[in-house]
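Residue numbers (our numbering): 65 to 231.
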């Protein structure tokens with residue numbers, strides 16, 4: 065029984081249900097009998113709905129794993145689709161219990177959003193792809209170039225920081 069309790073505590077902590085309100089969130093989930101899991105709205109491989117409406121992908125599976133650990137049933141999940149603009153609001157308003165979606169852990173988010181990031185579930189990176197015929201040997205040569213990115217993301221901020229630092 066102690067092993068199970070330790071596993072549940074670890075799963076809940078890894079899921080991000082940890083802060084001063086950890087116990088309250090866990091109690092809410094147990095009382096409700098369903099984990100409210102905030103996910104992306106259609107990111108192939110991570111969280112998306114299949115033709116039959118079932119959520120699939122890595123993030124969806126993480127939600128099911130936490131539900132299985134906390135509630136004993138991996139199907140006791142309500143998936144709450146969120147955009148980059150709504151994910152933190154949904155969590156802070158308690159509409160969701162945990163976020164499993166692409167969310168970069170930053171200092172500003174630690175301080176301003178007042179949430180506790182527990183453990184990354186996925187590590188990624190950023191890079192440039194350019195046609196070899198352009199003869200570019202370093203990303204530093206791309207200052208002033210047109211670069212395609214999603215606006216309003218940490219990628220945009222990282223790009224601006226990179227070129228500001230590498231003038």
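Here a beta-carbon is modelled for each residue, glycine too, at the ideal position from N, C-alpha and C.
Bear in mind that the values here come from a model prediction, so they are computed numbers and not experimental data.
- Message: At the level of alpha carbons, what is the spacing between residue 95 and residue 135?
- Response: In the chain shown, residue 95 corresponds to position 31, counting from 1. In the chain shown, residue 135 corresponds to position 71, counting from 1. Each residue's Cα considered, the two are about 10 Å apart.
- Are there 16 or more other CB atoms within 10 angstroms of the CB of residue 121, so buried, or fewer, so exposed? Within the chain shown, the letter at position 57 stands for residue 121. It counts as buried.
- Query: Would a C-beta distance cut-off of 8 Å place residue 119 and residue 98 closer than the cut-off?
  - Reply: Numbered from its first residue, the chain shown carries residue 119 at position 55. Numbered from its first residue, the chain shown carries residue 98 at position 34. No; because the gap between Cβ atoms is not below 8 Å, this pair is not in contact.
- CA-to-CA distance, residue 194 to residue 221, given in whole angstroms: Here residue 221 corresponds to residue number 157 of the chain shown, with the count starting at 1. Here residue 194 corresponds to residue number 130 of the chain shown, with the count starting at 1. The alpha-carbon atoms of residue 221 and residue 194 are separated by roughly 20 Å.
- Task: Using three-state DSSP, classify residue 197 as helix, strand or coil.
- Result: Start at 1 with the first residue of the chain shown, and residue 197 comes out as number 133. Looking at residue 197 - three-state DSSP - the assignment turns out to be helix.
- Does the stretch 177 to 186 come within contact of the stretch 147 to 158, defined as at least 3 CB pairs closer than 8 Å? yes
- Query: CA-CA distance, residue 90 and residue 100?
  - Reply: Numbered from its first residue, the chain shown carries residue 90 at position 26. Numbered from its first residue, the chain shown carries residue 100 at position 36. Straight-line Cα distance between these residues: approximately 11 Å.
- Out of curiosity, what's the CA-to-CA distance linking residue 71 and residue 217? Numbered from its first residue, the chain shown carries residue 71 at position 7. Numbered from its first residue, the chain shown carries residue 217 at position 153. At residue 71 the pLDDT is 37, less than 50, meaning the model places this residue with poor confidence; the figure from the coordinates comes in the next sentence. Straight-line Cα distance between these residues: approximately 34 Å.
- Looking at residue 151 and the ligand MG, is the gap between the Cβ and the nearest heavy atom below 7 Å? Although the ligand MG was asked about, the structure shown includes no ligands whatsoever.
- Quick one: is residue 212 buried, meaning 16 or more other Cβ sit within 10 Å of its Cβ, or exposed? Here residue 212 corresponds to residue number 148 of the chain shown, with the count starting at 1. When all chains shown are included, residue 212 counts as exposed.
- Message: Buried or exposed, going by whether 16 or more other CB atoms sit within 10 Å of the CB of residue 115?
- Response: Position 51 of the chain shown, counted from the start, is the residue given in the question as residue 115. Residue 115 comes out exposed.
- Task: Taking residue 87 as the reference, give the member of 161, 157, 124, 126 with the closest Cα.
- Result: What you label residue 87 is simply residue 23 of the chain shown in a count that begins at 1. Of the listed residues, the one whose Cα sits closest to residue 87 is 161.
- Message: Are the CB atoms of residue 164 and residue 147 within a distance shorter than 8 Å?
- Response: The count along the chain shown starts at 1 and reaches residue 147 at position 83. The count along the chain shown starts at 1 and reaches residue 164 at position 100. For residue 147 and residue 164, no; Cβs fall outside 8 Å.
- Item | Proximity of residue 92 and residue 111 at Cβ, strictly below 8 Å | In the chain shown, residue 92 corresponds to position 28, counting from 1. In the chain shown, residue 111 corresponds to position 47, counting from 1. It is not a contact, given that the beta carbons lie outside the stated cut-off.
- Based on the DSSP output, what are the partners of residue 143 in its beta bridges? As a position in the chain shown, residue 143 is number 79, starting the count at 1. DSSP output for residue 143 lists 101 as bridge partner(s).
- Span of the alpha helix (DSSP H), counted from its first residue to its last, around residue 192: Taking the chain shown and counting its residues from 1, the one referred to as residue 192 is at position 128. Counting along the chain, residue 192 falls outside any alpha helix (DSSP H), and DSSP gives it neither H nor E.
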